[in-house]
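Those sequence lines, one after another, are chains A and B. Heads up, this note's numbering is the position in the first sequence plus 1027, with the first residue counted as 1. Heads up, this note's numbering is the position in the second sequence plus 50, with the first residue counted as 1.
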Amino acid sequence: GAVVSQHPSRVICKSGTSVKIECRSLDFQATTMFWYRQFPKQSLMLMATSNEGSKATYEQGVEKDKFLINHASLTLSTLTVTSAHPEDSSFYICSATRGGGETQYFGPGTRLLVL
Amino acid sequence: AQRVTQPEKLLSVFKGAPVELKCNYSYSGSPELFWYVQYSRQRLQLLLRHISRESIKGFTADLNKGETSFHLKKPFAQEEDSAMYYCALSGLGGNTPLVFGKGTRLSVIA
C-alpha cells in the first residue's frame, strides 16, 4: 500500500503557457500533501504544504500566484505552473501523508521543460 | 534555522567494505530524522527513521543529539546499495514538511 502517482511524468511546453501536474494517493487518504522542486544535481526544496480543503502554505520565495496549488480531495492535489518560463524547468515531486506522524510517500516526479 | 548537511557528494566503497554516510543537522527543538534512498530511475523511498529504530537492508542510523548527527551505517556494502541517499529532518508530530540534505551518491564497486 501507500502508493503516490504523478501525472504527467514528463511535459514540454512553450514559454508563457500553463502546466498542470497532478498528485494522487492511490490507496490511502492523504490529509497533507507536499510539493518539492529539484534542480539538476541539487536536493529537494519544499515549495508548499497542501492540506485538504484549505489554502496551501507556501515557502518563502515561492510565488503563490505562479504556482497554484489545489487540494480539493483527500486523494488529489494539483500544482499549476502559470505562465511558465524556462527558469521554471525542473523536476517537481509531490509527497503525501496520512498525518498523525505517518511517513511521507513520494510520487515519481514530473519533469517540466519550458522552451 | 533548520538545516541538514551531508558533506560528501560521492562516496565510493568496495563490495563488502563498511559504509558510513554522514549527516549533521541543526534544528531548534526535537526533530525527527530520516534517511531516504533513491535507486536509479526510481522514486524516493524511506529507508529508515530514527524513532522506529529499525534496521532496513542492513542499514542503521543512530541519532546523536550531542553531536547533532544521524550517520547512516552498514557493515558490509552490497552492489545493490548503489544509490542516492538523502538525510532529512522534520518536526515531531507528523504533517510537517521535510528538510533535505543535498544527498550523497553511494557507489559500491565490485
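Note that beta-carbon positions come from the ideal geometry of N, C-alpha and C, so glycine has one too. A quick note: this is a predicted structure, and the numbers were derived from the prediction, not measured.
Using a C-beta to C-beta distance shorter than 8 Å, which residues of chain B count as neighbours of residue i?
| i | result |
| --- | --- |
| S1070 of chain A | Y136, F150, G151, K152, G153 |
| L1073 of chain A | P147, L148, V149 |
Taking the alpha-carbon positions, what's the residue i to residue j distance?
| i | j | result |
| --- | --- | --- |
| R1051 of chain A | I1039 of chain A | 21 Å |
| C1121 of chain A | L1095 of chain A | 14 Å |
| S1070 of chain A | Y1063 of chain A | 10 Å |
| F1066 of chain A | T154 of chain B | 15 Å |
| Y86 of chain B | T1107 of chain A | 27 Å |
| C137 of chain B | E130 of chain B | 19 Å |
| K1091 of chain A | Y77 of chain B | 26 Å |
| G1126 of chain A | L156 of chain B | 31 Å |
| F109 of chain B | K124 of chain B | 5 Å |
| I1048 of chain A | F150 of chain B | 22 Å |
| S1036 of chain A | V1046 of chain A | 12 Å |
| R99 of chain B | F84 of chain B | 4 Å |
| A51 of chain B | E1129 of chain A | 24 Å |
| T146 of chain B | G79 of chain B | 14 Å |
| S1042 of chain A | L1142 of chain A | 6 Å |
| T1137 of chain A | Q1033 of chain A | 7 Å |
Determine the chain A residues that contact residue i at a beta-carbon separation under 8 Å, and present them in chain order.
| i | result |
| --- | --- |
| Q52 of chain B | Those within 8 Å of Q52 of chain B in chain A number zero; the least Cβ separation is about 10 Å. |
Report yes or no: is there a C-beta of chain A within less than 9 Å of the C-beta of residue i?
| i | result |
| --- | --- |
| F109 of chain B | no |
| F120 of chain B | no |
| L60 of chain B | no |
| L96 of chain B | yes |
In chain A, which residues lie less than 9 Å from residue i when you measure between Cβ atoms?
| i | result |
| --- | --- |
| R2 of chain B | The structure shown does not extend to residue 2 of chain B, since chain B spans only 51 to 160, so no value can be given for it. |
Which chain A residues are close to residue i, counting only those with a beta carbon under 7 Å from its beta carbon?
| i | result |
| --- | --- |
| L156 of chain B | Those within 7 Å of L156 of chain B in chain A number zero; the least Cβ separation is about 16 Å. |
| Q128 of chain B | Per Cβ cutoff of 7 Å: no residues; Q128 of chain B is ~23 Å from chain A at best. |
Is any heavy atom in the ligand ZN found nearer than 8 Å to the beta carbon of residue i?
| i | result |
| --- | --- |
| K1082 of chain A | As presented, the structure is devoid of all ligands, the ligand ZN included, so that no description of it is given. |
Counting contacts by CB-CB distance shorter than 9 Å, is residue i in contact with chain B?
| i | result |
| --- | --- |
| F1066 of chain A | no |
| T1102 of chain A | no |
| T1076 of chain A | yes |
(request) With 9 Å as the C-beta to C-beta threshold (strictly closer), list the residues of the stretch 1116-1138 of chain A near chain B in chain order. (result) I1120, S1122, T1124, R1125, G1126, G1127, G1128, E1129, T1130, Q1131, Y1132, F1133, G1134, P1135, G1136
(message) Can you pull out the residues from the stretch 1080-1096 of chain A whose beta carbon lies closer than 7 Å to at least one beta carbon of chain B?
(response) none
(request) Report the residues of the stretch 1034-1058 of chain A with a CB closer than 9 Å to any CB of chain B, ordered along the chain. (result) T1058
(message) Could you tell me which whole beta strand (DSSP E) segments of length 3 or greater appear in the stretch 1078-1129 of chain A?
(response) 1094-1100, 1103-1108, 1117-1124
(message) Please identify, using Cβ separations under 7 Å, the residues of the stretch 62-93 of chain B that lie next to chain A, in order along the chain.
(response) R93
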